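First to last, the sequence lines map onto chains A and B. Residues 1 to 137 in the UniProt record's numbering are what the first sequence lists, from first letter to last. Residues 1 to 137 in the UniProt record's numbering are what the second sequence lists, from first letter to last. Glycine residues also receive a C-beta, built at the ideal position from the N, C-alpha and C atoms. Computed from a predicted model, the values in this text were never measured in an experiment. A short worksheet on the structure shown next.
Number of protein chains: 2
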Amino acid sequence: MIVAGCSRFGANIASILSAKGKDVVVLDSDNLAFRKLAPEYSGFTIQADATDIDALTKAGIAKADVVVAATNDDNTNIMIAEIASKLFNVSQVISRLYDTEKEIVYQDFDIQTIYPSRLSICEFEKLISTDLLEGLK
Amino acid sequence: MIVAGCSRFGANIASILSAKGKDVVVLDSDNLAFRKLAPEYSGFTIQADATDIDALTKAGIAKADVVVAATNDDNTNIMIAEIASKLFNVSQVISRLYDTEKEIVYQDFDIQTIYPSRLSICEFEKLISTDLLEGLK
């Protein structure tokens, strides 16, 4: 599995999957970002731009079963997801996106998306007491 | 209900609750932030620092049933939540937090928290095929 972007999210999932015994390669252009990985992380790290096709090739994208686009920038994640899906036919491509308005970009190709803002709103709706909402109807 | 911070998250929940007929007041120090509210938002907006006790009083915190700390800054959200919970005994206080390491601050008092990063990881675990994980055991 390749995790493109060692954001807190990227570092967390890389650490979790590595702990489960999966081969993980994490790419980030900032070497310091790898500090977010768990101390027991046993995968590889590559200091490179996660949209760099040579770096992705070196990371083994041609044989990767999963690619996760986990940088903090939506446009970068879209580009990574597109490279993984279209150029390398990776079977499972997951991307985090902040801006729900960019969802339309993903509808054209086979990408799974994680929207933290949407998840937060769902969680809010779970927390808010139903009495409070129903009393208003 | 008071929403402190007109972030995308804050604006979304204010718009949702307002659409359900609830009285909502949103505070933000940046007047432009209110543009994120839905066009049909029918609540109030107050341009003020959301940690300003006078502004919160003006917003009606003494009678608020719910306060949501929704700025983009964890420390500000912690302060707002603390003011709402301890000074004004608001019955339901919900705060968004980015840094899960700050969770310990909330354990002392009665605050509900929303961690987008944790939610994203849960979502990732749902998306990642169980075969892929089970094959590793």
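Proximity to residue i [Cα-Cα], best of the options
| i | options | result |
| --- | --- | --- |
| A:Glu82 | A:Asp73, A:Val93, A:Asn72 | A:Val93 |
| B:Phe88 | B:Lys36, B:Asp23, B:Ile61 | B:Ile61 |
| B:Ile121 | B:Thr100, B:Gln112, B:Val105, B:Ile111 | B:Thr100 |
| residue 156 of chain A | A:Ser85, A:Ile78, A:Lys20, A:Gln107 | Since the first residue of chain A shown is 1 and the last is 137, residue 156 of chain A is not available in this structure. |
| A:Ser91 | B:Asp74, B:Phe34, B:Asp49, B:Leu127 | B:Leu127 |
| B:Leu17 | B:Gly5, B:Phe124, B:Ile78, B:Met1 | B:Met1 |
| A:Ile111 | A:Leu97, A:Phe34, A:Leu119 | A:Leu97 |
| B:Ala19 | B:Tyr41, B:Phe9, B:Asp28, B:Leu56 | B:Tyr41 |
| A:Glu103 | A:Glu123, A:Lys22, A:Glu125, A:Asn77 | A:Asn77 |
| residue 140 of chain A | A:Ala48, A:Val25, A:Ala11 | What is shown of chain A runs 1 to 137, which leaves residue 140 of chain A out entirely. |
| A:Ile53 | A:Leu119, A:Leu27, A:Thr71, A:Leu32 | A:Leu27 |
Neighbour list for residue i in chain B, Cβ cutoff strictly below 8 Å
| i | result |
| --- | --- |
| A:Ser117 | Arg8, Phe9, Asn12, Pro116 |
Closer than 7 Å at the beta carbon, the chain A residues around residue i
| i | result |
| --- | --- |
| residue 182 of chain B | Outside the displayed span of chain B (1 to 137) sits residue 182 of chain B, for which this structure offers no information. |
| B:Gln112 | Leu127 |
Contact list for residue i against chain A, beta-carbon separation under 8 Å
| i | result |
| --- | --- |
| B:Arg96 | Ser120 |
7 Å Cβ cut-off: residues of chain B touching residue i
| i | result |
| --- | --- |
| A:Glu123 | Ile114, Leu119 |
Residue interval of the beta strand (DSSP E) (run including residue i)
| i | result |
| --- | --- |
| A:Ser117 | Taken as a continuous stretch (DSSP letters only), A:Ser117 belongs to no beta strand (DSSP E), being part of the alpha helix (DSSP H) at 116 to 127. |
| A:Val93 | 92 to 96 |
| A:Asp28 | 25 to 28 |
| A:Ile2 | 2 to 4 |
Residue i: first and last residue of the uninterrupted alpha helix (DSSP H) it sits in
| i | result |
| --- | --- |
| A:Val105 | 103 to 106 |
| B:Ile13 | 8 to 19 |
Below-8 Å beta-carbon distance, residue i vs any chain C residue
| i | result |
| --- | --- |
| A:Thr113 | Here the protein chains are A and B, and chain C is not one of them. |
>> Could you tell me which whole beta strand (DSSP E) segments of length 3 or greater appear in the segment 30 to 87 of chain B?
In response: 44 to 47, 66 to 69
> Just by C-beta distance, which residues in the segment 38 to 66 of chain A are closer than 8 Å to chain B?
Replying inline: Asp65, Val66
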